[in-house]
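For reference, the structure discussed in these notes is given below.
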Amino acid sequence: LLPTVDGTLFTDAHELHPRVRDAVQYIRKIRPEIPIIPVTGKQLPSCKDLIRELGIEDMPAGCMHGAIIYDHERKIEQEMYLDGHFVRDVSRLMRKHNKSTFLYVEDWNAMVTKEENGTKDWEQVARGFDPAVKDEREGDFMQRVLKGKERIYKVFLPMDEEVVPQFIELIEKTFPNVPFKITRALPYIIEIVAEGVDKSAALAFFSAKFNIRPENIITFGDGENDVGMFGASGFSVAMENGMPKPKAVAKYQTTSNNDGGVGKFLDKIFRPEYVNEPDAGLSVDHLKALDAQLGAASASPLAAGLYP
Numbered sequence: 341l342l343p344t345v346d347g348t349l350f351t352d353a354h355e356l357h358p359r360v361r362d363a364v365q366y367i368r369k370i371r372p373e374i375p376i377i378p379v380t381g382k383q384l385p386s387c388k389d390l391i392r393e394l395g396i397e398d399m400p401a402g403c404m405h406g407a408i409i410y411d412h413e414r415k416i417e418q419e420m421y422l423d424g425h426f427v428r429d430v431s432r433l434m435r436k437h438n439k440s441t442f443l444y445v446e447d448w449n450a451m452v453t454k455e456e457n458g459t460k461d462w463e464q465v466a467r468g469f470d471p472a473v474k475d476e477r478e479g480d481f482m483q484r485v486l487k488g489k490e491r492i493y494k495v496f497l498p499m500d501e502e503v504v505p506q507f508i509e510l511i512e513k514t515f516p517n518v519p520f521k522i523t524r525a526l527p528y529i530i531e532i533v534a535e536g537v538d539k540s541a542a543l544a545f546f547s548a549k550f551n552i553r554p555e556n557i558i559t560f561g562d563g564e565n566d567v568g569m570f571g572a573s574g575f576s577v578a579m580e581n582g583m584p585k586p587k588a589v590a591k592y593q594t595t596s597n598n599d600g601g602v603g604k605f606l607d608k609i610f611r612p613e614y615v616n617e618p619d620a621g622l623s624v625d626h627l628k629a630l631d632a633q634l635g636a637a638s639a640s641p642l643a644a645g646l647y648p
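Per our numbering, residue 341 is the first one in the sequence shown, and the count goes up by one each step.
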């Protein structure tokens, strides 16, 4: 199971919905061999409470859209980061156009430009997703980036939704020969990551690591950055609150993040008899059917529980 976090596991208040917590904890209890791995645009420190509440401390994680992949001990297994000079030039471009710029290192992010007299306080918006924001508009932070002392895994550009398309075009036209990727988790945010960073790449990494075929993977998401992951998984589930693109390509749709949609979808698979009781059981017949769906007929390691 590969769910995203903001807009999917989290409600709009950046909290874990009780139905989601209950459903995941139930799966961990009855099927502990099934990997449940968050793949998110967030930094790992912003996911620690979520990981603890779900009881998936023994699982790896894909953060900042897969720019960093951690093992279960929180050691970096794979990373991709942006060129420092490109990061500086994007920041200069945003300053010129009076837009906010947040540069993500591994465990905090630097605000290097801030929109003045905007419609929203974008610094507070950024803190809602990843609270560890430092004001680095003064000082030598950018020099450390240029010298390679700070690695930037993601550039986060929040702005009014109606101007997002023109700024995507501006960035692409300004840097036609630089390898990078623009992605969007929400309509009012542009995010820039290194070329090759994608949640589908994270899915491929975890698929190989656990020896699980992609068709036996369930993905949940709400943003355009989830589209590649949806295309690579056997069961793709879009949130009702999601952006149009993921909803168009997903094979299934569930209710909104504020309604515990991930939990409701998982309950339909793992405990269809569930009504109100947190400890509702899963019948033997249903477990057998579930194994068949997950590939037991072809000796699926997911059904056999063969994990390192």
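Every residue gets a Cβ at the ideal spot worked out from N, C-alpha and C, and that includes glycine.
How many Å lie between residue i and residue j at the Cα?
i: K436; j: K474; result: 21 Å
i: P554; j: F546; result: 9 Å
i: Q418; j: K494; result: 15 Å
i: L497; j: L510; result: 13 Å
i: P618; j: L526; result: Low local confidence applies: a pLDDT of 41 at P618 is under 50, so the model's placement there is unreliable, with the coordinate-based value given in what follows. Whole-angstrom Cα-Cα distance: 32 Å.
i: A544; j: L443; result: 26 Å
i: M519; j: R611; result: A small correction: the amino acid at residue 519 is Pro; Met does not occupy that position in the sequence shown. Distance between the alpha carbons of P519 and R611: 45 Å.
i: S431; j: V602; result: 36 Å
i: M451; j: R371; result: 42 Å
i: S530; j: K608; result: A small fix is needed here, since residue 530 is Ile in this sequence, not Ser. Roughly 34 Å separates the two Cα atoms.
i: L341; j: F605; result: 12 Å
i: E512; j: K521; result: 9 Å
i: N457; j: F550; result: 49 Å
i: K382; j: Y614; result: 31 Å
i: H357; j: I377; result: 17 Å
i: F507; j: I367; result: 43 Å
i: A353; j: E463; result: 16 Å
i: E680; j: T523; result: What the structure shows of the chain is the stretch from 341 to 648, and residue 680 is not part of that stretch, so it cannot be assessed.
i: K460; j: T441; result: 14 Å
i: G600; j: G582; result: 14 Å
i: L486; j: T595; result: 45 Å
Compare the Cα-Cα distances from residue i to each of the options and report the closest residue.
i: D398; options: D411, P554, M404; result: D411
i: R491; options: G603, G600, Y421; result: Y421
i: I391; options: E355, E419, E417; result: E355
i: I557; options: K587, G563, Q464, A542; result: A542
i: F560; options: K489, S540, I508; result: S540
i: V533; options: C403, P375, F481; result: C403
i: N449; options: E535, D599, L486, F481; result: F481
i: P586; options: T380, F570, Q483; result: F570
i: I552; options: V567, I367, F507, P375; result: P375
i: P584; options: V567, T459, E463; result: V567
i: Q483; options: P505, I408, D429; result: D429
i: V503; options: T453, R477, M434, G479; result: M434
i: E535; options: E393, A407, L394; result: A407
i: E393; options: N598, Q365, H405, A572; result: Q365
i: V465; options: Y528, L486, V485; result: Y528
i: A572; options: N597, D538, T595; result: D538
Need the endpoints of the alpha helix (DSSP H) that residue i sits in, please.
i: L475; result: The amino acid occupying residue 475 in the given sequence is Asp; Leu does not appear at that position. From DSSP, D475 is part of no alpha helix (DSSP H) but of the beta strand (DSSP E) over 473 to 475.
i: F546; result: 539 to 550
i: P505; result: 504 to 514
i: T358; result: Before going further, note that residue 358 is Pro rather than Thr in the sequence given. Per DSSP, P358 belongs to the alpha helix (DSSP H) from 358 to 370.
i: K608; result: 601 to 610
i: M434; result: 424 to 436
i: V465; result: 462 to 469
i: M482; result: 481 to 486
i: M569; result: 567 to 572
i: L390; result: 388 to 394
Would you decide whether residue i is buried or exposed? Buried here means 16 or more other CB atoms lie within 10 Å of its CB.
i: E446; result: buried
i: A548; result: exposed
i: K369; result: exposed
i: N438; result: exposed
i: T514; result: exposed
i: I396; result: buried
i: N565; result: buried
i: P400; result: buried
i: G621; result: At G621, the pLDDT of 40 sits below 50, so the modelled position is not reliable; the number obtained from the coordinates is stated separately. Its Cβ having fewer than 16 others within 10 Å, G621 is exposed.
i: P343; result: buried
i: I416; result: exposed
i: N517; result: exposed
i: E455; result: buried
i: E711; result: Absent from the model: residue 711. The displayed extent of the chain is 341 to 648, so no value can be given.
Does the beta carbon of residue i come closer than 8 Å to any beta carbon on chain D?
i: A363; result: Structure shown: chain D not included; a single protein chain is present.
Span of the beta strand (DSSP E) holding residue i?
i: M579; result: 575 to 579
i: T344; result: That residue, T344, is in no beta strand (DSSP E); it is neither H nor E in DSSP.
i: F583; result: Correcting the residue type first, residue 583 is Met in the shown sequence and not Phe. Run containing M583: none; DSSP gives neither H nor E here.
i: Q593; result: 592 to 594
i: V495; result: 494 to 498
i: K521; result: 520 to 523
i: E419; result: 416 to 419
i: Y410; result: 408 to 410
i: V533; result: 529 to 534
i: M451; result: 449 to 453
i: G561; result: 558 to 561
Do the stretch 423 to 432 and the stretch 356 to 370 make contact, defined as three or more Cβ pairs closer than 8 Å?
Cβ pair count under 8 Å is below three, so no.
With a threshold of 8 Å, are at least 3 pairs of Cβ atoms found where one atom belongs to the stretch 560 to 579 and the other to the stretch 590 to 600?
Result yes; three or more Cβ-Cβ pairs closer than 8 Å.
When the Cβ atoms of the stretch 468 to 487 are set against those of the stretch 377 to 392, are three or more pairs found closer than 8 Å?
yes
With a threshold of 8 Å, are at least 3 pairs of Cβ atoms found where one atom belongs to the stretch 345 to 353 and the other to the stretch 560 to 570?
yes
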